[in-house]
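If you read the sequence shown in this note's numbering, its first letter stands for residue 824, the second for the next number, and so on.
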Amino acid sequence: MKLETFFEHFDLLAEAPSCVQKLRELILDLAVRGKLVPQDANDEPAAVLLERIKKEKERLVKEGKVRKEKSLEPPIKDNEIPYDLPKGWEWVKLDWICNQITDGTHHTPTYISNGVPFLSVKDISSGRFDLTNTKFISHGEHQQLIKRCYPEFNDVLLTKVGTTGIAKVIDIDIEFSIFVSVALLKISKYLLSPYYIELVINSPLVKEQSKNNTQGVGNKNLVLRCIKSFDLPLPPLAEQKRIVTKVDELMKLCDELEARQKKKQETRILINNAALNKLLTADTPETFTKNWQRIGDNFDILYSAPENIGKLRQAILQLAVMGKLVPQDANDEPAAVLLERIKKEKERLIKEGKIKKEKSLPEIKDNDIPFELPQGWEWVRFCDIATIASNLVKPELYLDLPHIAPDNIEKQTGKLLPYRTVKEDNVSSAKHKFFSGQLLYSKIRPNLAKVTIIQFDGVCSADMYPINSYIHSKYLVIYMLSRTFLNMAIKNDTRVAMPKINQEELNKILVSLPSFEEQKRIVTKVDKLMKLCDELETKLTQTQTESEKIINAAVKQLLTV
824 MKLETFFEHF DLLAEAPSCV QKLRELILDL AVRGKLVPQD ANDEPAAVLL
874 ERIKKEKERL VKEGKVRKEK SLEPPIKDNE IPYDLPKGWE WVKLDWICNQ
924 ITDGTHHTPT YISNGVPFLS VKDISSGRFD LTNTKFISHG EHQQLIKRCY
974 PEFNDVLLTK VGTTGIAKVI DIDIEFSIFV SVALLKISKY LLSPYYIELV
1024 INSPLVKEQS KNNTQGVGNK NLVLRCIKSF DLPLPPLAEQ KRIVTKVDEL
1074 MKLCDELEAR QKKKQETRIL INNAALNKLL TADTPETFTK NWQRIGDNFD
1124 ILYSAPENIG KLRQAILQLA VMGKLVPQDA NDEPAAVLLE RIKKEKERLI
1174 KEGKIKKEKS LPEIKDNDIP FELPQGWEWV RFCDIATIAS NLVKPELYLD
1224 LPHIAPDNIE KQTGKLLPYR TVKEDNVSSA KHKFFSGQLL YSKIRPNLAK
1274 VTIIQFDGVC SADMYPINSY IHSKYLVIYM LSRTFLNMAI KNDTRVAMPK
1324 INQEELNKIL VSLPSFEEQK RIVTKVDKLM KLCDELETKL TQTQTESEKI
1374 INAAVKQLLT V
């Protein structure tokens, strides 16, 4: 495949999330392999350029402007060369072509409200200067710091702590000092293009070296010794400039492609949100049917983006609890009758001492109700149709039972994730004993909507409520995952630092209750639609994976030509 052909048709393959980033990496990779612009036999070879750089460094050392440093070993042995370079290029160590490689001050300066900017890794980790949250130091302290490390226009900065290996040419004409998290590379600007140095360090070739030489786990560090030993390809100065011009041109095309993709994505999201909102607010069956048909007619367009499928799932749940997902049946036993049966069942359990009598709650008022319900439905409180079955036990008595914590439940789906036993999790504090058939609900951070039906006995975190349901358990899960329940749960958060809903507030939450027969129809319909969403997500993932495979194959072909 020709390079021009690849770039012309790249946008046809660029639906995968990482495709534009791959294109940017390819551009840099081709650039530092000598495959992006043609070579010119009239260019001064890099070997001659290296000699001139060497003499320039010797002059600076003699004048006392830079220190003489220990020479590094030969750049790369013949059997270690990553790839062959074009004629006129040379493999070099970064230290060979820099007059100075140092880093910012190792001590924390005295910050003031306004003064000389003091840059750290956060100010350039995006690959551009972002001085929004920059700190400041006094002019006097700045003068002391620049005696050792003096950043100037067209020098190159390199991140070396935290987010490592990002190079940025100083293209802002202001005075500033830097912290130890940033390295400073000083070059002879008339012998080298600083922008070529930036792009070669940001290329996959040097990125890999940076990654391999970064030390530590938390606050990662790329030491100066490793930076100095980076192996990089050096073209003639004239070709460096041609490469920089071409890379700038192609990166602008990438920006345009990214902007088009972003606009396309935002438009899809806006249209989907509007379509679902019309569906949720439809006030007549005819309007609902019309809006649902409109979504069906544009389904392939609306749901070609994974983020829209999540919105569709949420809409399905919300339609279900509003009584709009399945038709009502006049022959169904009304929810009011079901509620009476539940009430009698709870009275029996209280009498037998199996559950505690709950505190009386205020009557539901009209202004408490979030929306009107279909005929035969009822607004009830959570405690009317479920019981929080707190049951604290000593974990050492149940070492071999499953241990379920909030992290073992997937947010907003009701899916149970892999878990371990009480013994394997080394549980020591008191936990709730739960039983098969109960619901488990995470009371911390209710905005995460973590609830599931459990199919075995076990022990759960004290941050969870085991719940006995007197209605269809799956319908209750659907309701607890819906936006209506979520809004009320968040509204009743009792803590700020770690949001948590207590038993009293959970019991107060309103629940839209249909007949038991309609609950079953709703559960069947939701299961069917969620399965379709799963299949759609799988299809989208496969499509994106195929796009990435095609791009990777094309990239491999281009790099091996």
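Beta carbons are placed, not taken as given, at the ideal position from N, Cα and C, and that holds for glycine.
Check: If leucine 1103 sits next to glutamine 1141, beta carbons under 8 angstroms apart, how far is it from one beta carbon to the other, in whole angstroms?
Finding: 6 angstroms
Notebook entry, point to check: Would you report the Cα separation of proline 1017 and valine 979, rounded to the nearest angstrom?
Noted result: 7 angstroms
Next item on the list: Have a look at Lys970, Leu1309 and Trp914 and flag the residue whose alpha-carbon is nearest the alpha-carbon of valine 1468.
Entry: Any question about residue 1468 goes unanswered here, given that the chain covers just 824 to 1384.
Check: How big is the Cα-Cα spacing for histidine 965 and threonine 1090?
Finding: 48 angstroms
Checklist line | Assigned secondary structure, cysteine 842 (DSSP; H/G/I helix, E/B strand, else coil) | finding: DSSP places cysteine 842 in helix when its eight states are reduced to three.
Check: Which of helix, strand or coil does DSSP assign to phenylalanine 1122?
Finding: helix
Notebook entry, point to check: Does the separation of the CB atoms of asparagine 1036 and leucine 1045 fall below 8 angstroms?
Noted result: yes
Notebook entry, point to check: Just the Cα atoms here: how many angstroms apart are tyrosine 973 and serine 1000?
Noted result: A straight line joining the alpha-carbon of tyrosine 973 with that of serine 1000 spans about 7 angstroms.
Check: Enumerated in chain order, which unbroken segments of the alpha helix (DSSP H) with a length of 4 residues or greater are wholly contained in the stretch 863-929?
Finding: 869-885 and 917-920
Item checked: Same chain only: Cβ atoms within 7 angstroms of alanine 1105, ignoring 5 sequence neighbours per side -> Phe1111 and Asn1114
Notebook entry, point to check: Going by the beta-carbon positions, is the gap between glycine 1281 and leucine 1336 smaller than 8 angstroms?
Noted result: No, the Cβ-Cβ distance between glycine 1281 and leucine 1336 is not below 8 angstroms.
Checklist line | Cβ-based burial, isoleucine 997 [other Cβ within 10 Å; buried from 16] | finding: exposed
Checklist line | Where alanine 1082 falls: helix, strand or coil (DSSP) | finding: Helix.
Notebook entry, point to check: What did DSSP end up calling tyrosine 934 once you bin it into helix, strand or coil?
Noted result: strand
Checklist line | Nearest candidate by alpha-carbon position, reference glutamine 1137, set Met1303, Ile947 and Lys845 | finding: Met1303
Notebook entry, point to check: Just the Cα atoms here: how many angstroms apart are leucine 1055 and proline 1129?
Noted result: 40 angstroms
Next item on the list: Assign valine 1300 to one of three DSSP states: helix, strand, or coil.
Entry: helix
Next item on the list: For alanine 1159, count neighbouring C-beta atoms within 10 Å of its own C-beta (all shown protein chains included) and say buried if the count is 16 or more, exposed if not.
Entry: When all chains shown are included, alanine 1159 counts as exposed.
Next item on the list: Could you round the C-beta distance between valine 944 and valine 992 to whole angstroms and report it? I think they count as a contact, below 8 angstroms.
Entry: Valine 992 and valine 944 do not touch by the CB rule: their CB atoms are close to 16 angstroms apart, not below 8 angstroms.
Notebook entry, point to check: Since leucine 1060 and leucine 1015 are thought to touch, with beta carbons under 8 angstroms apart, how far apart are those beta carbons, to the nearest angstrom?
Noted result: 7 angstroms
Item checked: Within the stretch 931-1013, ranges of the beta strand (DSSP E) (whole runs, at least 3 residues) -> 939-942, 958-960, 979-982, 990-992 and 1005-1009
Check: Ordered along the chain, which non-local residues of its own chain (more than five positions away) have a Cβ less than 8 angstroms from that of serine 1296?
Finding: If we look at serine 1296 and ignore the five residues flanking it on each side, its Cβ neighbours are Gly1260, Leu1262 and Ile1276.
Checklist line | Simplified DSSP assignment, three categories, for methionine 1311 | finding: Note: methionine 1311 maps to helix in three-state DSSP.
Note to self: In this structure, how does DSSP classify proline 1289 when only helix, strand and coil are distinguished?
What the structure shows: strand
Margin query: If you follow the beta strand (DSSP E) that tyrosine 1264 is in, where does it begin and where does it stop?
Written below: 1262-1265
Item checked: Residues sharing a beta bridge with isoleucine 1094, DSSP -> Answer by DSSP bridge pairing: none, since isoleucine 1094 is not bridged.
Check: Can the beta-carbon of serine 1292 be found less than 8 angstroms from the beta-carbon of alanine 1209?
Finding: yes
Checklist line | Segment limits, beta strand (DSSP E) that includes valine 772 | finding: The requested residue 772 does not occur in the structure, where the chain is confined to residues 824 to 1384.
Next item on the list: State the DSSP-derived secondary structure class of lysine 1188, mapped to helix, strand or coil.
Entry: Coil, per DSSP.
Notebook entry, point to check: What do you get for threonine 987, buried or exposed, if any count of 16 or more other CB atoms within 10 angstroms of its CB means buried?
Noted result: buried
Next item on the list: Would you give the residue range spanned by the beta strand (DSSP E) that leucine 1057 belongs to?
Entry: 1054-1057
Margin query: Using CA atoms only, rank isn't needed, just tell me which of Asp946, Val889 and Val1250 is closest to tyrosine 1221.
Written below: Ranking the options by Cα distance to tyrosine 1221, first place goes to Val1250.
Item checked: isoleucine 1324 - partner residues in DSSP beta bridges -> Per DSSP, isoleucine 1324 has no beta-bridge partner at all.
Margin query: Assuming leucine 1333 and arginine 1204 are in contact, meaning their beta carbons sit under 8 angstroms apart, how far apart are those beta carbons, in whole angstroms?
Written below: 6 angstroms
Check: CB-CB under 6 angstroms to asparagine 1330, same chain, minus the five flanking residues each way: which ones, in chain order?
Finding: Phe1205 and Cys1206
Next item on the list: Assign threonine 1068 to buried or exposed, taking buried as 16 or more other Cβ atoms, counted over all protein chains shown, within 10 Å of its Cβ.
Entry: exposed
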